[in-house]
Amino acid sequence: MKLFLIRHAETVHNVEKTWAGTTDSPLTNHGMLQIDSLARHFASNSIHFDSIFASDLSRARITAEGICRQQRPRRDGGLVSPILTSDLREKDFGSLEGVRFTPPVGKPGNDSSRGGRSGSAPVLTHAESESTASMRRRAISFLNVHLLPLIFDDTTQRANVAIVAHGIILRVLWYCLLELFDPTNITMAPGITTGDGRPPVLVSPSWSNTGNSRDMIKDGR
């Protein structure tokens, strides 16, 4: 199985550098162009998805729908459409939702930075912000309900699966997925390096708007 982890397109809150986790921030015109470019990229490279899962927040849903519009029918003849779930929503920043922020100099952006890479959960001391434990519960729920049944289904071993969500929850999902495998069986594709010699299991991925990672899950039986 090939698994594509995709971050949503640019939003108004990204441009305004404003915290937007569960806030349903609208996409910008540039974000809509990003979706079209990504969808055409997949189609022109013959990347055809059998299943697409997405956060039910509009920025992820619309990104997923844009990808679907340029997809050909699935192998079974049906048209692919996103399966929406609240488990893939972004981190809830509590009362910081809608508050402007200034990223630390020299640090990567977060889910609210325009074009900046996302995935590093910001350090928040606010009592109302969602905990990492809560995000892990959601990620594990998604894996158990949606992804693991596909991984263990012999008929989907060659499937292409996309997950369209948000930078921080994608990173949490990534770590939860890695925990299911023996670290010695996790490798990086040729030409990809951590840069500091760390093993792949310790990689800290991040995503720009409509950025995507591609992971191959092989049957080890």
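Counting from 8, one number per residue, gives the positions in the sequence shown under the numbering used here. Idealized CB from N, CA, C, for every residue including glycine. Just so we're clear, the structure is a prediction, and the values are computed from it rather than from any experiment.
Judged by beta-carbon spacing, T18 lies beyond the 8 Å limit of T29, meaning their Cβ atoms are not closer than that value.
Judged by their CB atoms, N167 and K24 are not nearer to each other than the 8 Å cut-off. Contact between S58 and L157 holds, with the beta-carbon distance rounding to 7 Å and staying under 8 Å. As DSSP reads the structure, R107 sits in a beta bridge with T25.
Residues A50 and H55 of the same chain have their beta carbon placed closer than 8 Å to that of R79, with the five preceding and five following residues left out of the count.
M39 and V87 have their alpha carbons spaced roughly 20 Å apart. Distance from the Cα of E104 is smallest, within the candidate group D43, E135 and W214, for E135. For S62, the enclosing beta strand (DSSP E) stretches over residues S58 to S62.
Annotation: S211 is outside any beta strand (DSSP E) and is labelled neither H nor E by DSSP. Nearest in C-alpha terms to K225, of all of R143, L155 and S32, is L155. For S220, the enclosing beta strand (DSSP E) covers residues N219 to M223.
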